[in-house]
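Encoded as C-alpha cells, the structure appears first; notes follow it.
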DNA sequence: CATGTTCGTAAGTCATTACTTACCGTAAGC
DNA sequence: GCTTACGGTAAGTAATGACTTACGAACATG
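Chains as they are written, first to last, in our numbering: chain A, 14 to 123; chain B, 14 to 123.
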C-alpha cells in the first residue's frame, strides 16, 4: 500500500482539487506556459507551478521546455490509467446484483 | 464554483482517499453493515462511518436501514457521473491534437 | 423493562496540503 | 556585458482532513 503506488491513485488526488482540475481543463484547449495558466487562475504563479508538478506525477500533463519558458500540455496516460481502473469496477457483475442480495442479510447469520 | 457542485467533483475527492477506496471496493463483493466494513479496515468504526458519509454524498453508496443496523451498498450514480465527465475530456478532438499545436507558440503572440 | 448491539455525531488532535512571499538560476533583449 | 521576463524551489502559515475517544439515540434481546 505504501510502496506500491498505482498511477490512478495519483490521478484521483490530482483531480480532486478544483484548481488543478481548472488548470487541466484549461490545457485541453491548447498547450500553455505557466504564466498563461496562472493568468486564468485566482492563485499565484508559484501555486500553479506546484499544481503542475502534481499533475505531472499523475501522468496527466507533460512539459516541453522552449527557450525561456516551459510549455505544458495534456498527456493521455493518466486518464487512461484512471479509465482502466474504472472499467475494472464497472465490469463487475455483482455491481447490478448488489441491490438484490441485500435481503439475504435480514436474518443475522454469524 | 462554491454554489455549483457537480457530482463528479465529490467522486474525485471521495475516491482519492485509500481507505475510502478500500471500503468502496469491499462493497463491490456484497452489501455490508458498518461493523462488517470496519472489521476489514485498519481504522476505527466511527472513522468508517465518516468515510461512508463522504461516499454517500458522492452518490457512490446508499444506505438501507435494517432494524438495528444500516446496510450499505454500492450505487451506480457516482461512477456514472464520473464516467460522463471523463468521456467529455476524452472525446475532445483537441486532445490528440495538442501535441502538434505546440510549435505554434514558438513565436510569442501576446 | 433493563442490557447488549449497532452506529451516527461531537469534539479535539495530528498530519497533510494549498497557499503565500522571498529568492535563485537561466534564457532573452536591449 | 546589464537588465528584464519566466519559472522552479524554499520556507513558513493557515486551512483542510483523517483519525481518535466519548457520548447518546434507536432497536433487539433476555
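Each residue gets a CB set at the ideal place from its N, CA and C atoms; glycine is no exception. All of these numbers come straight from a predicted model, not from anything done at the bench.
- The contact set of residue 70 of chain A on chain B, defined by CB atoms closer than 8 Å, is empty, because the minimum CB distance reaches about 14 Å.
- Taking the Cβ atoms as the reference, residue 94 of chain A lies roughly 25 Å from residue 47 of chain A, outside the contact range of under 8 Å.
- Residue nearest to residue 73 of chain B within the set B:100, B:45, B:62, B:91 is B:91 (criterion: CA-CA distance).
- Between residue 50 of chain A and residue 61 of chain A, the gap from beta carbon to beta carbon is short of 7 Å.
- By the neighbour-count criterion, in which 16 or more other beta carbons inside 10 Å mark a residue as buried, residue 33 of chain B falls on the buried side.
- Boundaries around residue 84 of chain B are those of the beta strand (DSSP E), 82 to 87, since no alpha helix (DSSP H) includes it.
- When beta bridges are read from the DSSP output, residue 62 of chain B appears opposite no residue.
- Under DSSP, the beta-bridge partners assigned to residue 74 of chain B are B:87.
- Cα atoms of residue 26 of chain B and residue 30 of chain A: separation of roughly 8 Å, rounded to the nearest angstrom.
- If you compare the alpha carbons of B:18, B:44, B:99 with that of residue 89 of chain A, the shortest gap goes to B:99.
- By the neighbour-count criterion, in which a residue is buried when 16 or more other Cβ atoms sit within 10 angstroms of its Cβ, residue 58 of chain B is exposed.
- Residue A:87 holds the alpha-carbon nearest to the alpha-carbon of residue 38 of chain A among A:78, A:87, A:82.
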